[in-house]
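Numbering (the working numbering), first residue to last: 1 to 573.
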(Lines of atoms letter the chains of each structure in order from A and count residues from 1; the text may use other names and numbers.)
(Lines give C-alpha, C1' and ligand atoms only; values in the text may rest on other atoms or scores of the structure.)
Protein backbone atom coordinates (compact mmCIF):
# COMPACT_ATOMS: atom_id res chain seq x y z
CA UNK A 1 0.00 0.00 0.00
CA UNK A 2 1.08 3.56 -0.58
CA UNK A 3 1.10 6.18 2.09
CA UNK A 4 -0.19 9.37 0.57
CA UNK A 5 -0.65 12.98 1.44
CA UNK A 6 -1.39 14.49 -1.93
CA UNK A 7 -1.61 18.12 -2.79
CA UNK A 8 -1.97 16.88 -6.37
CA UNK A 9 -4.42 13.96 -6.78
CA UNK A 10 -4.40 11.27 -9.39
CA UNK A 11 -7.28 9.23 -10.67
CA UNK A 12 -7.42 5.61 -11.73
CA UNK A 13 -9.82 4.74 -14.51
CA UNK A 14 -10.77 1.07 -14.52
CA UNK A 15 -12.06 0.53 -18.03
CA UNK A 16 -14.35 -2.40 -18.57
CA UNK A 17 -13.15 -5.81 -19.70
CA UNK A 18 -13.68 -7.26 -23.12
CA UNK A 19 -15.09 -10.71 -23.76
CA UNK A 20 -16.13 -13.11 -26.44
CA UNK A 21 -19.42 -14.98 -26.59
CA UNK A 22 -20.56 -17.95 -28.56
CA UNK A 23 -23.48 -17.46 -30.96
CA UNK A 24 -25.63 -19.84 -32.93
CA UNK A 25 -26.39 -17.28 -35.63
CA UNK A 26 -24.75 -17.63 -39.01
CA UNK A 27 -24.45 -13.89 -39.66
CA UNK A 28 -24.16 -10.81 -37.48
CA UNK A 29 -27.37 -9.56 -35.97
CA UNK A 30 -27.99 -6.31 -34.08
CA UNK A 31 -29.59 -6.23 -30.65
CA UNK A 32 -33.30 -5.69 -31.21
CA UNK A 33 -33.77 -3.61 -28.05
CA UNK A 34 -31.86 -0.71 -29.64
CA UNK A 35 -34.21 -0.38 -32.60
CA UNK A 36 -33.00 0.87 -35.95
CA UNK A 37 -29.37 1.94 -36.43
CA UNK A 38 -28.57 5.65 -36.38
CA UNK A 39 -25.89 5.27 -39.06
CA UNK A 40 -24.08 2.58 -40.98
CA UNK A 41 -21.11 2.32 -43.30
CA UNK A 42 -20.12 -0.58 -45.57
CA UNK A 43 -16.50 -0.80 -46.66
CA UNK A 44 -14.98 -2.24 -49.84
CA UNK A 45 -14.45 -5.63 -48.16
CA UNK A 46 -18.14 -5.85 -47.33
CA UNK A 47 -17.58 -5.27 -43.59
CA UNK A 48 -20.17 -2.99 -42.01
CA UNK A 49 -19.80 -0.49 -39.17
CA UNK A 50 -23.27 -0.06 -37.66
CA UNK A 51 -23.95 2.55 -35.00
CA UNK A 52 -26.72 2.90 -32.43
CA UNK A 53 -24.82 5.68 -30.64
CA UNK A 54 -25.56 9.38 -31.11
CA UNK A 55 -21.83 10.10 -30.87
CA UNK A 56 -21.29 7.95 -33.94
CA UNK A 57 -24.04 9.19 -36.24
CA UNK A 58 -21.68 10.56 -38.91
CA UNK A 59 -20.97 8.09 -41.71
CA UNK A 60 -17.49 9.59 -42.12
CA UNK A 61 -16.69 8.69 -38.51
CA UNK A 62 -17.85 5.13 -39.16
CA UNK A 63 -15.56 5.00 -42.17
CA UNK A 64 -12.70 5.94 -39.83
CA UNK A 65 -13.66 3.02 -37.58
CA UNK A 66 -13.62 0.74 -40.63
CA UNK A 67 -10.16 1.92 -41.67
CA UNK A 68 -8.88 1.55 -38.12
CA UNK A 69 -10.15 -2.04 -38.03
CA UNK A 70 -8.14 -2.79 -41.18
CA UNK A 71 -5.06 -1.11 -39.72
CA UNK A 72 -4.77 -4.19 -37.53
CA UNK A 73 -2.85 -6.95 -39.29
CA UNK A 74 -5.20 -9.27 -41.16
CA UNK A 75 -5.05 -12.04 -43.73
CA UNK A 76 -7.58 -14.62 -44.93
CA UNK A 77 -9.49 -14.52 -41.61
CA UNK A 78 -10.89 -11.09 -42.57
CA UNK A 79 -13.19 -12.86 -45.03
CA UNK A 80 -14.97 -14.45 -42.07
CA UNK A 81 -15.66 -11.14 -40.37
CA UNK A 82 -18.77 -9.13 -41.16
CA UNK A 83 -19.55 -6.25 -38.79
CA UNK A 84 -18.76 -3.95 -35.88
CA UNK A 85 -21.75 -2.72 -33.86
CA UNK A 86 -21.41 0.40 -31.72
CA UNK A 87 -23.94 0.69 -28.88
CA UNK A 88 -24.50 3.76 -26.69
CA UNK A 89 -24.20 2.03 -23.32
CA UNK A 90 -23.13 -1.26 -21.77
CA UNK A 91 -26.10 -3.34 -20.61
CA UNK A 92 -23.82 -6.14 -19.39
CA UNK A 93 -21.18 -3.87 -17.87
CA UNK A 94 -18.45 -4.81 -20.35
CA UNK A 95 -16.44 -2.88 -22.94
CA UNK A 96 -16.97 -5.19 -25.90
CA UNK A 97 -17.91 -8.67 -27.12
CA UNK A 98 -16.64 -10.87 -29.92
CA UNK A 99 -18.82 -13.70 -31.24
CA UNK A 100 -16.98 -16.78 -32.59
CA UNK A 101 -18.72 -19.83 -34.03
CA UNK A 102 -17.85 -23.03 -35.91
CA UNK A 103 -19.28 -26.23 -37.35
CA UNK A 104 -17.92 -29.75 -37.72
CA UNK A 105 -17.01 -31.25 -41.08
CA UNK A 106 -17.72 -34.79 -42.22
CA UNK A 107 -14.40 -35.97 -40.87
CA UNK A 108 -14.88 -34.25 -37.52
CA UNK A 109 -12.69 -31.29 -38.36
CA UNK A 110 -13.60 -27.79 -37.24
CA UNK A 111 -15.03 -25.40 -39.83
CA UNK A 112 -15.08 -21.74 -38.88
CA UNK A 113 -18.27 -19.88 -39.71
CA UNK A 114 -18.42 -16.66 -41.63
CA UNK A 115 -20.34 -13.63 -40.41
CA UNK A 116 -18.38 -13.12 -37.18
CA UNK A 117 -18.77 -9.73 -35.50
CA UNK A 118 -17.79 -7.41 -32.66
CA UNK A 119 -19.94 -5.31 -30.36
CA UNK A 120 -18.43 -2.10 -28.95
CA UNK A 121 -20.27 -0.69 -25.94
CA UNK A 122 -20.35 2.75 -24.30
CA UNK A 123 -20.27 4.52 -27.65
CA UNK A 124 -21.78 7.63 -26.09
CA UNK A 125 -18.64 7.96 -23.95
CA UNK A 126 -16.34 8.00 -26.99
CA UNK A 127 -15.89 10.88 -29.40
CA UNK A 128 -12.76 9.70 -31.18
CA UNK A 129 -11.59 6.34 -32.49
CA UNK A 130 -8.40 6.61 -30.42
CA UNK A 131 -10.50 6.11 -27.29
CA UNK A 132 -11.44 2.54 -28.22
CA UNK A 133 -8.82 1.56 -30.81
CA UNK A 134 -7.18 -0.87 -28.40
CA UNK A 135 -10.53 -2.42 -27.50
CA UNK A 136 -11.29 -2.88 -31.19
CA UNK A 137 -7.86 -4.42 -31.80
CA UNK A 138 -8.27 -6.76 -28.82
CA UNK A 139 -11.65 -7.97 -30.07
CA UNK A 140 -10.32 -8.50 -33.57
CA UNK A 141 -7.51 -10.42 -31.89
CA UNK A 142 -10.11 -12.91 -30.67
CA UNK A 143 -11.24 -13.36 -34.26
CA UNK A 144 -7.69 -13.74 -35.59
CA UNK A 145 -6.50 -16.18 -32.94
CA UNK A 146 -9.66 -18.29 -32.95
CA UNK A 147 -9.74 -18.58 -36.71
CA UNK A 148 -6.16 -19.79 -37.07
CA UNK A 149 -6.20 -22.09 -34.08
CA UNK A 150 -9.31 -23.81 -35.39
CA UNK A 151 -8.49 -23.85 -39.10
CA UNK A 152 -4.74 -24.51 -38.95
CA UNK A 153 -4.26 -26.57 -35.79
CA UNK A 154 -7.81 -27.95 -35.75
CA UNK A 155 -7.95 -27.12 -32.05
CA UNK A 156 -10.55 -25.28 -30.02
CA UNK A 157 -9.35 -23.10 -27.13
CA UNK A 158 -10.89 -25.66 -24.80
CA UNK A 159 -8.07 -27.90 -26.06
CA UNK A 160 -5.43 -25.22 -25.47
CA UNK A 161 -3.06 -27.54 -23.59
CA UNK A 162 -2.56 -29.56 -26.77
CA UNK A 163 -1.83 -26.57 -29.00
CA UNK A 164 1.49 -25.45 -30.40
CA UNK A 165 0.54 -22.01 -29.10
CA UNK A 166 0.51 -23.26 -25.49
CA UNK A 167 3.83 -25.00 -26.03
CA UNK A 168 5.55 -21.92 -27.44
CA UNK A 169 4.14 -19.62 -24.79
CA UNK A 170 4.87 -22.18 -22.04
CA UNK A 171 1.35 -21.79 -20.69
CA UNK A 172 1.33 -25.15 -18.93
CA UNK A 173 3.80 -23.68 -16.46
CA UNK A 174 1.02 -21.44 -15.14
CA UNK A 175 -1.60 -23.53 -13.31
CA UNK A 176 -4.13 -20.69 -13.29
CA UNK A 177 -4.44 -20.57 -17.09
CA UNK A 178 -7.84 -21.95 -18.00
CA UNK A 179 -10.46 -22.12 -20.70
CA UNK A 180 -13.70 -20.79 -19.25
CA UNK A 181 -17.07 -21.85 -20.49
CA UNK A 182 -19.85 -19.27 -20.75
CA UNK A 183 -21.32 -18.30 -17.36
CA UNK A 184 -18.52 -20.03 -15.44
CA UNK A 185 -19.04 -18.76 -11.89
CA UNK A 186 -15.31 -18.86 -11.09
CA UNK A 187 -14.35 -16.78 -14.10
CA UNK A 188 -10.98 -15.00 -13.89
CA UNK A 189 -10.41 -12.68 -16.84
CA UNK A 190 -6.70 -12.44 -16.04
CA UNK A 191 -6.08 -16.14 -16.68
CA UNK A 192 -8.59 -16.77 -19.46
CA UNK A 193 -6.65 -18.42 -22.29
CA UNK A 194 -8.76 -16.58 -24.87
CA UNK A 195 -7.98 -13.20 -23.30
CA UNK A 196 -4.28 -14.00 -23.09
CA UNK A 197 -4.26 -14.79 -26.81
CA UNK A 198 -6.16 -11.62 -27.72
CA UNK A 199 -3.69 -9.53 -25.71
CA UNK A 200 -0.86 -11.26 -27.58
CA UNK A 201 -2.47 -10.22 -30.85
CA UNK A 202 -2.56 -6.54 -29.89
CA UNK A 203 1.12 -6.61 -28.94
CA UNK A 204 2.23 -8.46 -32.06
CA UNK A 205 -0.20 -7.31 -34.74
CA UNK A 206 -2.28 -4.42 -33.40
CA UNK A 207 -2.57 -1.09 -35.20
CA UNK A 208 -0.30 1.81 -34.34
CA UNK A 209 -3.25 3.58 -32.75
CA UNK A 210 -4.11 0.55 -30.62
CA UNK A 211 -0.51 0.55 -29.44
CA UNK A 212 -0.23 4.30 -28.97
CA UNK A 213 1.39 5.65 -25.83
CA UNK A 214 0.42 8.04 -23.09
CA UNK A 215 3.06 10.47 -21.87
CA UNK A 216 3.53 10.23 -18.12
CA UNK A 217 5.33 12.73 -15.93
CA UNK A 218 7.19 11.96 -12.74
CA UNK A 219 6.71 13.54 -9.33
CA UNK A 220 9.19 16.34 -9.89
CA UNK A 221 7.75 17.25 -13.29
CA UNK A 222 4.28 17.33 -11.81
CA UNK A 223 5.13 19.82 -9.07
CA UNK A 224 7.28 21.94 -11.40
CA UNK A 225 4.54 22.15 -14.05
CA UNK A 226 1.58 22.28 -11.65
CA UNK A 227 0.08 19.06 -13.03
CA UNK A 228 -2.63 18.53 -10.44
CA UNK A 229 -4.38 15.44 -11.77
CA UNK A 230 -3.01 12.27 -13.34
CA UNK A 231 -5.23 9.69 -14.99
CA UNK A 232 -4.27 6.04 -15.37
CA UNK A 233 -6.35 3.59 -17.34
CA UNK A 234 -5.84 -0.04 -18.22
CA UNK A 235 -6.07 0.57 -21.97
CA UNK A 236 -2.92 2.69 -22.03
CA UNK A 237 -0.54 0.49 -23.99
CA UNK A 238 2.76 1.68 -22.51
CA UNK A 239 1.34 1.42 -18.99
CA UNK A 240 -0.12 -2.06 -19.39
CA UNK A 241 0.98 -3.78 -22.63
CA UNK A 242 -0.91 -6.89 -21.58
CA UNK A 243 -3.42 -7.48 -18.84
CA UNK A 244 -1.54 -10.37 -17.25
CA UNK A 245 1.90 -9.24 -16.14
CA UNK A 246 2.62 -12.57 -14.50
CA UNK A 247 3.33 -13.79 -18.05
CA UNK A 248 6.22 -12.58 -20.21
CA UNK A 249 5.27 -10.02 -22.84
CA UNK A 250 4.31 -11.54 -26.18
CA UNK A 251 7.24 -9.90 -27.98
CA UNK A 252 9.65 -11.61 -25.59
CA UNK A 253 8.37 -15.14 -26.18
CA UNK A 254 10.70 -16.80 -28.66
CA UNK A 255 8.88 -18.15 -31.71
CA UNK A 256 5.46 -16.69 -30.86
CA UNK A 257 5.46 -13.95 -33.49
CA UNK A 258 6.53 -16.28 -36.31
CA UNK A 259 4.08 -18.95 -35.13
CA UNK A 260 0.99 -16.77 -35.61
CA UNK A 261 2.43 -15.07 -38.68
CA UNK A 262 3.11 -18.46 -40.25
CA UNK A 263 -0.44 -19.66 -39.60
CA UNK A 264 -1.65 -16.58 -41.47
CA UNK A 265 0.63 -17.47 -44.39
CA UNK A 266 3.30 -14.83 -43.86
CA UNK A 267 6.83 -14.46 -42.59
CA UNK A 268 8.75 -11.45 -41.33
CA UNK A 269 11.50 -10.01 -39.18
CA UNK A 270 11.18 -10.96 -35.54
CA UNK A 271 10.78 -7.98 -33.17
CA UNK A 272 13.83 -7.70 -30.93
CA UNK A 273 15.55 -5.43 -28.46
CA UNK A 274 19.33 -4.88 -28.80
CA UNK A 275 19.89 -4.85 -25.07
CA UNK A 276 17.71 -5.00 -21.99
CA UNK A 277 18.09 -1.81 -19.96
CA UNK A 278 19.33 -2.21 -16.40
CA UNK A 279 17.13 -0.34 -13.95
CA UNK A 280 18.59 0.85 -10.65
CA UNK A 281 17.39 2.83 -7.66
CA UNK A 282 20.32 5.24 -7.35
CA UNK A 283 19.36 7.10 -4.19
CA UNK A 284 16.55 8.21 -1.95
CA UNK A 285 16.19 10.83 0.72
CA UNK A 286 13.46 12.38 2.88
CA UNK A 287 11.49 15.36 1.60
CA UNK A 288 9.48 15.82 4.76
CA UNK A 289 9.41 13.65 7.87
CA UNK A 290 8.98 10.09 6.55
CA UNK A 291 8.06 11.10 2.98
CA UNK A 292 10.85 10.19 0.58
CA UNK A 293 11.94 10.93 -2.95
CA UNK A 294 13.34 8.05 -5.02
CA UNK A 295 15.74 8.57 -7.91
CA UNK A 296 15.84 5.88 -10.63
CA UNK A 297 18.23 5.54 -13.56
CA UNK A 298 18.60 2.99 -16.35
CA UNK A 299 20.91 2.08 -19.20
CA UNK A 300 19.76 2.52 -22.82
CA UNK A 301 18.34 -0.27 -24.96
CA UNK A 302 20.84 0.79 -27.61
CA UNK A 303 23.77 3.18 -27.73
CA UNK A 304 22.97 3.91 -31.39
CA UNK A 305 21.27 7.32 -31.34
CA UNK A 306 19.54 6.51 -34.62
CA UNK A 307 17.52 3.80 -32.90
CA UNK A 308 14.62 5.51 -31.20
CA UNK A 309 13.06 4.03 -28.08
CA UNK A 310 10.43 5.10 -25.63
CA UNK A 311 10.80 4.08 -21.98
CA UNK A 312 7.96 4.06 -19.48
CA UNK A 313 8.82 3.32 -15.87
CA UNK A 314 5.95 1.74 -13.93
CA UNK A 315 5.51 0.43 -10.39
CA UNK A 316 3.09 -1.98 -8.77
CA UNK A 317 2.75 -3.79 -5.45
CA UNK A 318 3.91 -7.40 -5.65
CA UNK A 319 0.54 -8.60 -4.35
CA UNK A 320 -1.50 -6.61 -6.91
CA UNK A 321 -0.09 -6.13 -10.38
CA UNK A 322 -3.31 -5.66 -12.32
CA UNK A 323 -2.85 -1.92 -12.80
CA UNK A 324 0.63 -0.44 -12.50
CA UNK A 325 1.24 3.15 -11.55
CA UNK A 326 3.02 5.14 -14.23
CA UNK A 327 6.15 6.91 -13.03
CA UNK A 328 7.53 8.57 -16.17
CA UNK A 329 7.82 8.28 -19.95
CA UNK A 330 11.21 9.11 -21.48
CA UNK A 331 12.40 9.04 -25.09
CA UNK A 332 15.80 8.49 -26.66
CA UNK A 333 17.89 11.64 -26.27
CA UNK A 334 16.39 12.54 -22.90
CA UNK A 335 18.00 11.67 -19.55
CA UNK A 336 17.18 8.08 -18.68
CA UNK A 337 15.99 8.85 -15.18
CA UNK A 338 12.84 9.33 -13.16
CA UNK A 339 11.81 10.58 -9.75
CA UNK A 340 9.14 8.72 -7.81
CA UNK A 341 7.48 9.36 -4.49
CA UNK A 342 7.46 12.83 -2.97
CA UNK A 343 8.53 16.10 -4.54
CA UNK A 344 8.37 19.82 -3.93
CA UNK A 345 8.91 22.93 -6.02
CA UNK A 346 9.32 26.53 -4.93
CA UNK A 347 7.27 28.86 -7.18
CA UNK A 348 9.21 32.04 -6.49
CA UNK A 349 6.25 33.88 -4.98
CA UNK A 350 6.44 32.44 -1.51
CA UNK A 351 4.33 29.39 -2.37
CA UNK A 352 5.28 25.80 -3.04
CA UNK A 353 3.82 22.90 -4.96
CA UNK A 354 4.10 19.83 -2.79
CA UNK A 355 3.46 16.16 -3.48
CA UNK A 356 3.84 13.87 -0.48
CA UNK A 357 3.61 10.22 -1.41
CA UNK A 358 5.40 7.12 -0.20
CA UNK A 359 5.61 3.47 -1.14
CA UNK A 360 5.17 0.98 1.66
CA UNK A 361 5.83 -2.74 1.46
CA UNK A 362 7.14 -4.73 -1.53
CA UNK A 363 6.99 -3.04 -4.93
CA UNK A 364 8.16 -3.99 -8.39
CA UNK A 365 9.57 -1.31 -10.69
CA UNK A 366 9.78 -2.16 -14.35
CA UNK A 367 10.50 -0.46 -17.65
CA UNK A 368 8.35 -0.99 -20.72
CA UNK A 369 10.47 -0.18 -23.77
CA UNK A 370 8.72 0.55 -27.05
CA UNK A 371 10.53 0.66 -30.39
CA UNK A 372 9.55 2.75 -33.41
CA UNK A 373 7.52 -0.14 -34.86
CA UNK A 374 5.35 -0.17 -31.74
CA UNK A 375 6.63 -3.40 -30.19
CA UNK A 376 7.00 -3.34 -26.42
CA UNK A 377 9.65 -5.11 -24.35
CA UNK A 378 10.43 -4.98 -20.65
CA UNK A 379 13.43 -4.64 -18.40
CA UNK A 380 14.11 -7.11 -15.66
CA UNK A 381 11.83 -6.22 -12.75
CA UNK A 382 13.45 -4.38 -9.87
CA UNK A 383 11.94 -5.42 -6.57
CA UNK A 384 12.19 -2.90 -3.76
CA UNK A 385 11.15 -3.47 -0.18
CA UNK A 386 10.18 -0.18 1.39
CA UNK A 387 10.74 -0.14 5.11
CA UNK A 388 10.86 3.04 7.07
CA UNK A 389 12.91 3.24 10.21
CA UNK A 390 10.37 5.05 12.32
CA UNK A 391 12.86 5.49 15.10
CA UNK A 392 11.38 6.40 18.39
CA UNK A 393 11.94 10.03 19.18
CA UNK A 394 14.01 10.25 22.38
CA UNK A 395 12.27 11.44 25.51
CA UNK A 396 13.60 14.12 27.79
CA UNK A 397 13.04 14.75 31.47
CA UNK A 398 12.33 18.46 30.92
CA UNK A 399 10.58 18.41 27.53
CA UNK A 400 7.40 16.83 26.19
CA UNK A 401 4.80 17.16 23.44
CA UNK A 402 2.98 19.84 25.44
CA UNK A 403 5.71 22.38 24.69
CA UNK A 404 4.84 24.68 21.78
CA UNK A 405 8.08 23.85 19.94
CA UNK A 406 7.82 20.06 20.18
CA UNK A 407 6.44 19.40 16.63
CA UNK A 408 9.40 21.27 15.14
CA UNK A 409 11.88 19.57 17.46
CA UNK A 410 10.50 16.13 16.63
CA UNK A 411 11.10 16.71 12.92
CA UNK A 412 14.71 17.78 13.49
CA UNK A 413 15.32 14.90 15.89
CA UNK A 414 14.09 12.47 13.22
CA UNK A 415 16.50 14.04 10.73
CA UNK A 416 19.29 13.76 13.33
CA UNK A 417 20.07 17.46 13.07
CA UNK A 418 19.74 18.11 16.80
CA UNK A 419 19.98 16.13 20.00
CA UNK A 420 19.56 16.51 23.72
CA UNK A 421 22.13 16.65 26.49
CA UNK A 422 23.94 13.67 28.08
CA UNK A 423 21.96 14.08 31.29
CA UNK A 424 18.67 13.33 29.47
CA UNK A 425 17.48 16.93 29.25
CA UNK A 426 16.67 19.04 26.19
CA UNK A 427 16.58 22.52 27.74
CA UNK A 428 14.32 24.22 25.18
CA UNK A 429 14.51 27.58 26.99
CA UNK A 430 18.29 27.57 27.14
CA UNK A 431 19.82 30.32 25.00
CA UNK A 432 21.22 29.24 21.65
CA UNK A 433 24.80 30.29 20.94
CA UNK A 434 26.05 31.69 17.65
CA UNK A 435 28.23 28.67 17.01
CA UNK A 436 25.36 26.26 17.70
CA UNK A 437 22.94 28.02 15.34
CA UNK A 438 25.42 28.51 12.52
CA UNK A 439 26.58 24.89 12.71
CA UNK A 440 22.93 23.78 12.50
CA UNK A 441 22.44 25.86 9.35
CA UNK A 442 25.59 24.50 7.73
CA UNK A 443 24.82 20.85 8.59
CA UNK A 444 21.28 21.24 7.26
CA UNK A 445 22.02 22.90 3.92
CA UNK A 446 25.69 22.62 3.04
CA UNK A 447 28.59 20.19 2.97
CA UNK A 448 31.87 20.75 4.75
CA UNK A 449 34.22 20.11 1.83
CA UNK A 450 37.28 19.48 3.97
CA UNK A 451 37.27 16.68 6.49
CA UNK A 452 40.65 17.83 7.77
CA UNK A 453 40.54 19.09 11.32
CA UNK A 454 41.84 22.61 11.90
CA UNK A 455 44.07 23.40 14.84
CA UNK A 456 41.93 24.89 17.58
CA UNK A 457 40.59 24.11 21.01
CA UNK A 458 37.10 25.14 19.94
CA UNK A 459 34.99 22.63 18.00
CA UNK A 460 33.42 25.39 15.88
CA UNK A 461 36.81 26.30 14.44
CA UNK A 462 38.35 22.81 14.56
CA UNK A 463 35.49 21.22 12.58
CA UNK A 464 35.56 23.94 9.91
CA UNK A 465 32.27 25.67 10.67
CA UNK A 466 33.75 29.13 11.15
CA UNK A 467 35.67 28.99 7.87
CA UNK A 468 32.61 27.68 6.03
CA UNK A 469 30.37 30.41 7.47
CA UNK A 470 32.81 33.08 6.29
CA UNK A 471 33.25 31.50 2.85
CA UNK A 472 29.48 31.32 2.36
CA UNK A 473 29.01 34.88 3.53
CA UNK A 474 26.67 33.84 6.31
CA UNK A 475 28.70 36.10 8.59
CA UNK A 476 30.60 39.15 7.34
CA UNK A 477 32.95 41.80 8.70
CA UNK A 478 30.20 44.42 8.40
CA UNK A 479 28.30 42.43 11.01
CA UNK A 480 31.10 41.81 13.48
CA UNK A 481 33.89 44.23 12.63
CA UNK A 482 37.31 43.88 11.06
CA UNK A 483 38.76 40.42 11.63
CA UNK A 484 35.42 39.51 13.27
CA UNK A 485 36.56 40.90 16.60
CA UNK A 486 32.93 41.16 17.78
CA UNK A 487 32.10 37.58 16.77
CA UNK A 488 32.13 35.71 20.04
CA UNK A 489 31.22 32.14 19.19
CA UNK A 490 29.78 31.14 22.52
CA UNK A 491 27.68 34.25 23.05
CA UNK A 492 23.91 33.83 22.76
CA UNK A 493 22.63 34.61 19.28
CA UNK A 494 20.12 37.41 18.81
CA UNK A 495 16.90 37.22 16.85
CA UNK A 496 18.17 39.61 14.18
CA UNK A 497 21.33 37.53 13.78
CA UNK A 498 19.22 34.44 13.17
CA UNK A 499 17.20 36.45 10.64
CA UNK A 500 20.11 37.72 8.55
CA UNK A 501 22.04 34.43 8.70
CA UNK A 502 18.91 32.53 7.58
CA UNK A 503 18.21 35.07 4.84
CA UNK A 504 21.75 34.76 3.50
CA UNK A 505 21.41 31.00 3.53
CA UNK A 506 18.26 31.29 1.41
CA UNK A 507 19.92 33.85 -0.86
CA UNK A 508 22.84 31.50 -1.52
CA UNK A 509 20.50 28.66 -2.46
CA UNK A 510 17.79 30.28 -4.58
CA UNK A 511 17.64 34.03 -3.91
CA UNK A 512 15.20 36.06 -1.85
CA UNK A 513 14.25 38.90 -4.21
CA UNK A 514 10.51 38.75 -4.74
CA UNK A 515 10.20 36.03 -2.15
CA UNK A 516 7.19 36.00 0.20
CA UNK A 517 5.79 39.41 -0.74
CA UNK A 518 3.32 39.73 2.14
CA UNK A 519 3.84 43.02 3.95
CA UNK A 520 4.77 42.55 7.61
CA UNK A 521 4.96 45.47 10.02
CA UNK A 522 6.47 45.61 13.51
CA UNK A 523 6.13 48.25 16.18
CA UNK A 524 9.90 48.50 16.58
CA UNK A 525 10.91 48.24 12.92
CA UNK A 526 12.59 51.67 12.97
CA UNK A 527 15.31 50.09 15.09
CA UNK A 528 16.08 47.26 12.65
CA UNK A 529 19.64 47.07 11.36
CA UNK A 530 18.69 44.23 8.97
CA UNK A 531 15.21 45.34 7.94
CA UNK A 532 15.05 43.50 4.58
CA UNK A 533 16.18 40.20 6.05
CA UNK A 534 13.82 40.38 9.03
CA UNK A 535 10.84 41.32 6.85
CA UNK A 536 11.59 38.49 4.41
CA UNK A 537 11.88 35.90 7.15
CA UNK A 538 8.67 37.16 8.77
CA UNK A 539 6.81 37.28 5.45
CA UNK A 540 7.82 33.67 4.79
CA UNK A 541 6.60 32.82 8.30
CA UNK A 542 10.00 31.48 9.28
CA UNK A 543 10.35 33.88 12.16
CA UNK A 544 7.59 35.68 14.04
CA UNK A 545 7.15 38.70 16.25
CA UNK A 546 5.68 38.87 19.72
CA UNK A 547 2.03 39.36 20.75
CA UNK A 548 2.63 43.07 21.44
CA UNK A 549 3.55 43.65 17.78
CA UNK A 550 7.28 43.96 18.33
CA UNK A 551 10.11 41.89 16.90
CA UNK A 552 12.76 42.66 19.52
CA UNK A 553 15.80 42.13 17.26
CA UNK A 554 18.37 42.33 20.04
CA UNK A 555 16.65 39.75 22.19
CA UNK A 556 18.57 36.51 22.64
CA UNK A 557 16.99 33.42 21.10
CA UNK A 558 16.25 30.18 22.90
CA UNK A 559 16.91 26.73 21.54
CA UNK A 560 13.18 26.34 20.92
CA UNK A 561 13.03 29.56 18.87
CA UNK A 562 16.09 28.59 16.85
CA UNK A 563 14.66 25.15 16.14
CA UNK A 564 11.43 26.65 14.81
CA UNK A 565 13.42 28.88 12.45
CA UNK A 566 15.47 25.96 11.17
CA UNK A 567 12.28 23.94 10.68
CA UNK A 568 10.78 26.80 8.66
CA UNK A 569 13.85 27.01 6.46
CA UNK A 570 13.83 23.28 5.79
CA UNK A 571 10.14 23.36 4.89
CA UNK A 572 10.60 26.30 2.54
CA UNK A 573 13.72 25.03 0.81
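All C-beta atoms in this analysis are idealised placements derived from N, C-alpha and C, irrespective of residue type, glycine included.
Here residue 304 carries a coil assignment [DSSP, helix/strand/coil].
If you keep only unbroken beta strand (DSSP E) runs of at least 3 residues inside the segment 223-275, you get 230-233.
Counting only runs of 4+ residues, the alpha helix (DSSP H) found wholly inside the segment 57-99 occupies 59-71, in chain order. Counting the other Cβ atoms within 10 Å of the Cβ of residue 225 gives fewer than 16, which makes it exposed. With a 10 Å radius around the Cβ and a threshold of 16 neighbouring Cβ atoms, residue 41 comes out buried.
Measuring C-alpha to C-alpha distances from residue 434 to each of 193, 557 and 104 identifies 557 as the nearest. Residue burial is scored here from C-beta neighbours: residue 553 has at least 16 other C-beta atoms within 10 angstroms and is therefore classed as buried.
Under the three-state reduction of DSSP output, residue 530 falls in the coil class, being neither helix nor strand. Excluding the 5 residues flanking it on each side, residue 218 has same chain C-beta neighbours closer than 7 angstroms at 327, 328, 338, 339 and 340, in chain order. Beta-bridge annotation (DSSP): residue 345 is paired with 353. In the structure shown, residue 178 adopts extended strand secondary structure according to DSSP, grouped into three states. Per DSSP, the unbroken beta strand (DSSP E) holding residue 39 starts and ends at 39-42. The C-beta of residue 44 has fewer than 16 other C-beta atoms within 10 Å across all chains shown, which makes the residue exposed. Listed in chain order, the alpha helix (DSSP H) elements of length 4 or more contained wholly in the segment 116-155 are 133-152.
Scanning the segment 374-444 for uninterrupted beta strand (DSSP E) segments of 3 residues or longer gives 376-378 and 382-386, listed from N- to C-terminal end.
The C-beta of residue 96 has 16 or more other C-beta atoms within 10 Å across all chains shown, which makes the residue buried. Per DSSP, residue 571 is one residue of the alpha helix (DSSP H) stretching across 559-572. Membership of residue 202 in the alpha helix (DSSP H) is indicated by the continuous run 193-205. Pairing residue 367 with residue 270, the inter-Cα distance amounts to about 21 angstroms. The closest CA to that of residue 563, considering only 89, 422, 417 and 163, is found on 417. According to DSSP, residue 492 shares a beta bridge with 433. Taking residue 33 as reference, the option from 205, 91 and 248 with the minimal CA-CA separation is 91. For residue 469, the secondary structure class from DSSP, reduced to helix, strand or coil, is helix. In this structure, residue 291 sits away from residue 344, with a CB-CB distance that is not shorter than 7 angstroms. Check the Cα spacing between residue 241 and each of 127, 323, 142 and 493: the tightest is with 323. For residue 358, the number of other beta carbons within 10 angstroms of its own is at least 16, and it is reported as buried. For residue 366, there is no enclosing alpha helix (DSSP H); the enclosing beta strand (DSSP E) has its first and last residue at 361-371. Taking a 10 Å sphere around the C-beta of residue 123, we find 16 or more other C-beta atoms and assign the residue as buried. Looking at the DSSP output, residue 312 sits in a beta bridge with 329 and 368.
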